[in-house]
Amino acid sequence: MISVDIRTAIISIIIGYIVYKLAKFYTRVYQLPPGPIPVPLLGSIFHLKGTKDHWTDEFNKYTHKYGNIFTFWLSGDPIVVINDIDLGKELFRKNDVASRWQIYFYIVGADYGHTWEALRRVGHSAVQKYSASDKLVLLAKDCVEQTVKLMVDNEGLNKPFVATNYIYQMFFNILSTSAFGKSYEMNNKEYKQLKYVMKDFIRENSMKFMILQVLPVARYAFKGMADKQERIMNEMVDMLKNKFVKHYEDFDESSQRDFCDALISAKNDALRDGKESAPYLTDDNLALTIFDLFFAGTDTSQQTFQWLLLFLCYYPEMQQKLRQEIESQIGDRMPTHEDRNRCHYVMAFIAESMRFRNVVPMSPLHKTVVQTKIGDYTVPKDTAVTLYHHNILNNPKYWENPNKLIPERFLGSDGQYMTSHNKAFIPFGVGRRVCLGEKLAIADLFLVLVSFLQSTQQYDIVLAQHSGIDPDPNIADTINPKPYQIKLVQKSRQTTR
1 MISVDIRTAI ISIIIGYIVY KLAKFYTRVY QLPPGPIPVP LLGSIFHLKG TKDHWTDEFN
61 KYTHKYGNIF TFWLSGDPIV VINDIDLGKE LFRKNDVASR WQIYFYIVGA DYGHTWEALR
121 RVGHSAVQKY SASDKLVLLA KDCVEQTVKL MVDNEGLNKP FVATNYIYQM FFNILSTSAF
181 GKSYEMNNKE YKQLKYVMKD FIRENSMKFM ILQVLPVARY AFKGMADKQE RIMNEMVDML
241 KNKFVKHYED FDESSQRDFC DALISAKNDA LRDGKESAPY LTDDNLALTI FDLFFAGTDT
301 SQQTFQWLLL FLCYYPEMQQ KLRQEIESQI GDRMPTHEDR NRCHYVMAFI AESMRFRNVV
361 PMSPLHKTVV QTKIGDYTVP KDTAVTLYHH NILNNPKYWE NPNKLIPERF LGSDGQYMTS
421 HNKAFIPFGV GRRVCLGEKL AIADLFLVLV SFLQSTQQYD IVLAQHSGID PDPNIADTIN
481 PKPYQIKLVQ KSRQTTR
């Protein structure tokens with residue numbers, strides 16, 4: 001039997017240890033920028049539990065309360081959140097925060113170093129070439145026309161329907177054809193598997209994935225889901241690797257079909273010229289680059305277009321203005337990349353939509369590689385840092401009437417699209433880690449929007465019910481529109497050309 005003195009000693013040791021750990025934890029807390037007070041193990045996440053607001057609304061409150069920099073804790077790991085564009089641009093162009101928390105997206109989540117630099121360079125070159133190619137023009141036009149035909153054939157006219165699956169398949173096929181030269185029908189088994197992984201499984205578990213990225217020990221709490229995530233992602237990566245390797249069988253240097261061919265060409269050039277990057281351009285690394293472009297690009301592009309379509313319906317005067325400009329500048333012919341220099345309102349509408357409802361409210365987590373000065377604070381090495389896009393893109397400090405959709409804010413006094421944007425226009429991020437697919441995304445959105453309005457010129461696209469356009473209030477990693485239905489209404493003969 002344990003004596004009273006021994007029992008007292010054990011209890012005292014346990015209490016002393018707990019006090020020591022609490023003191024150590026809160027010493028870290030008060031050395032970092034202020035924020036919602038965390039508790040050990042849970043961090044700050046409990047502040048979000050039970051709120052009816054979208055988590056961006058809660059983060060906006062933290063911005064007003066704590067200023068341009070605040071700290072949000074996930075379990076025992078702090079995330080320093082930057083809300084000021086000048087501070088963000090200054091910070092993220094440095095190597096001090098060029099590293100990343102490891103996530104499945106390879107270039108997106110790779111640590112800063114020789115491998116990242118080599119893959120970033122060849123990936124950027126492939127995107128630059130393809131996003132300016134005639135192949136993309138033809139591909140976008142073909143995918144849009146097929147999508148509109150499916151909508152009309154399957155749903156009919158003047159009947160409400162949800163366009164989400166049609167839009168998803170459209171962008172999926174644009175990106176899959178761009179990446180590895182294959183398109184899919186809706187009932188295709190491989191398409192259904194890929195869609196489940198990329199859209200349904202990831203979105204259903206997005207908050208758990210975020211916690212797993214920052215706190216690997218959490219996989220014990222979500223073991224079943226974590227194991228399933230790892231298995232599914234590995235299967236998907238293996239499938240895309242096989243598609244990449246098969247491109248060697250009929251690769252033709254003089255006729256590059258897609259990103260796979262472009263990356264094989266870049267690898268061959270590096271080997272032939274003895275470039276320093278050559279050892280890093282392995283088939284595994286290049287296949288993962290394809291995975292990045294395809295996986296990360298599909299969901300964000302289709303979500304952005306979901307917003308564009310909603311705004312077309314919610315603001316019929318904007319739809320009419322877009323149609324008039326397309327008619328006067330392009331007519332019935334196929335749009336080209338050069339038309340972006342003529343369709344100023346179209347470009348302004350796309351830019352303002354991305355500002356107003358940017359689907360990625362926060363940059364992927366950076367990581368300090370050394371002790372770093374951020375504003376007035378000294379942040380330790382290996383601390384997560386992120387730029388809060390949503391606040392910057394909707395902050396009255398940078399934008400007049402930020403809660404209104406006003407495409408004209410991107411037009412100059414001469415009515416021309418301003419290519420030199422407001423410094424706070426950062427839908428693709430800033431610094432060394434700016435989105436690799438930025439040029440491709442803009443090219444896709446322009447070509448798809450123009451082709452979509454051309455293909456529906458005999459219809460009015462209207463909302464089945466004129467509902468609100470607030471972001472989905474569910475806690476998730478992206479901002480999606482609430483579910484909505486549209487109708488294709490046949491125009492009268494007098495209003496059609």
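So for the sequence shown, UniProt numbering puts the first residue at 1; every next one is plus one.
Even glycine gets a Cβ: it sits at the ideal position worked out from N, Cα and C.
Would you be able to state if there are at least three C-beta pairs under 8 Å between the segment 317 to 326 and the segment 449 to 461?
-> The segment 449 to 461 is in contact with the segment 317 to 326.
Under the DSSP definition of a beta bridge, which residues are partnered with TRP73?
-> The residue labelled residue 73 in the question sits at position 73 within the sequence shown. TRP73 is bridged to PRO78.
Span of the alpha helix (DSSP H) around GLN324 | In the sequence shown, counting from the first residue as 1, residue 324 sits at position 324. Run containing GLN324: 316 to 329, per the alpha helix (DSSP H) assignment.
Does the beta-carbon distance from LEU288 to PHE92 come in below 8 Å?
-> Translated into positions along the sequence shown, residue 288 becomes position 288. Translated into positions along the sequence shown, residue 92 becomes position 92. No. Outside cutoff.
Apply the 10 Å Cβ neighbour rule to ILE18 and answer buried if 16 or more other Cβ atoms are within range, or exposed otherwise.
-> To locate residue 18, count along the sequence shown from 1; it is residue 18. Exposed, by the Cβ-count rule.
Hey, how far is the Cα of ARG497 from the Cα of ILE79?
-> For this step, residue 497 is matched to residue 497 along the sequence shown. For this step, residue 79 is matched to residue 79 along the sequence shown. Bear in mind that a pLDDT of 48 at ARG497, under 50, signals an unreliable position, so the number given afterwards is only what the model happens to contain. So the two alpha carbons sit approximately 56 Å from each other.
For ALA278, the nearest candidate out of ILE14, LEU365 and ARG121 (CA to CA) | Here the question's residue 278 lines up with position 278 in the sequence shown. ALA278 has its Cα closest to that of ARG121, out of ILE14, LEU365 and ARG121.
Limits of the beta strand (DSSP E) - the one that LYS487 falls within = Within the sequence shown, numbered from 1, the residue matching residue 487 stands at position 487. From DSSP, the beta strand (DSSP E) with LYS487 extends over 486 to 490.
Taking 8 Å as the cut-off, decide whether the C-beta atoms of ALA266 and ALA163 are in contact.
-> To locate residue 266, count along the sequence shown from 1; it is residue 266. To locate residue 163, count along the sequence shown from 1; it is residue 163. No, these two residues do not count as a Cβ contact at 8 Å.
Going by CA-CA distance only, name the one from MET151, CYS260, HIS64 and GLN458 that's closest to ILE486.
-> By 1-based counting over the sequence shown, the position of residue 486 is 486. Checked all of MET151, CYS260, HIS64 and GLN458; the closest Cα to ILE486 is MET151.
Where the alpha helix (DSSP H) containing LYS264 begins and where it ends = Reading the sequence shown from its first residue, position 264 is the one you call residue 264. Note that residue 264 corresponds to Ile in the displayed sequence, not to Lys. From DSSP, the alpha helix (DSSP H) with ILE264 extends over 259 to 273.
Figure out for me which residue from SER12, SER75, ILE13 and LEU32 has the closest Cα to the Cα of LEU42.
-> By one-based count along the sequence shown, residue 42 stands at place 42. Selected option, being the one with the closest Cα: SER75.
Whose C-alpha, out of CYS343, PHE244, LEU48 and GLU190, is nearest the C-alpha of TYR417?
-> One-based indexing of the sequence shown puts residue 417 at position 417. Measuring from the Cα of TYR417, the nearest candidate turns out to be CYS343.
Three-state secondary structure assigned by DSSP to PRO407 = The count along the sequence shown starts at 1 and reaches residue 407 at position 407. Looking at PRO407 - three-state DSSP - the assignment turns out to be helix.
Cutoff 8 Å; reference THR300; Cβ partners in own chain excluding five residues on either side | To locate residue 300, count along the sequence shown from 1; it is residue 300. Contacts found: VAL359, VAL360, ALA441 and THR478.
Taking the beta strand (DSSP E) that VAL379 falls in, what are its first and last residues?
-> By one-based count along the sequence shown, residue 379 stands at place 379. 377 to 379 is the extent of the beta strand (DSSP E) around VAL379.
Mind checking whether LYS141 and TYR168 have CB atoms under 8 Å apart?
-> One-based indexing of the sequence shown puts residue 141 at position 141. One-based indexing of the sequence shown puts residue 168 at position 168. Going by C-beta atoms, LYS141 is not nearer than 8 Å to TYR168.
Where the beta strand (DSSP E) containing TYR459 begins and where it ends = For the purposes of this step, residue 459 is identified with residue 459 of the sequence shown, where counting begins at 1. Element bounds for TYR459: 459 to 463.
From TYR377, ILE374, PHE356 and LYS381, pick the residue whose C-alpha is nearest to that of THR368; which is it?
-> Here the question's residue 368 lines up with position 368 in the sequence shown. Answer by Cα proximity: LYS381.
Inspect the CB distances between the segment 82 to 92 and the segment 389 to 399 and report whether three or more fall short of 8 Å.
-> yes
Close beta carbons around GLY181, own chain, < 6 Å, minus the five adjacent residues each side | The residue you call residue 181 lines up with position 181 of the sequence shown. Correct list, in chain order: ARG257 and ASP258.
VAL385 - containing beta strand (DSSP E), residue span = What you label residue 385 is simply residue 385 of the sequence shown in a count that begins at 1. It spans 384 to 387 - the beta strand (DSSP E) in which VAL385 sits, taken as one unbroken run.
Buried or exposed (CB count within 10 angstroms, at least 16 for buried), GLY35 = Within the sequence shown, residue 35 is the residue found at index 35, counting from 1. GLY35 should be labelled buried.
Using the C-alpha atoms, what's the distance from ASP283 back to VAL346?
-> As a working mapping, residue 346 is identified with position 346 in the sequence shown. As a working mapping, residue 283 is identified with position 283 in the sequence shown. Between VAL346 and ASP283, the C-alpha separation is close to 39 Å.
Determine the burial state of LYS243: buried for a count of at least 16 other Cβ atoms within 10 Å of its Cβ, exposed for fewer.
-> Position 243 of the sequence shown, counted from the first residue, corresponds to residue 243. With 16 or more Cβ atoms within 10 Å of its Cβ, LYS243 is classed as buried.
Inter-residue spacing [alpha-carbon to alpha-carbon] between MET170 and ASP269 | Position 170 of the sequence shown, counted from the start, is the residue given in the question as residue 170. Position 269 of the sequence shown, counted from the start, is the residue given in the question as residue 269. Distance between the alpha carbons of MET170 and ASP269 is about 33 Å.
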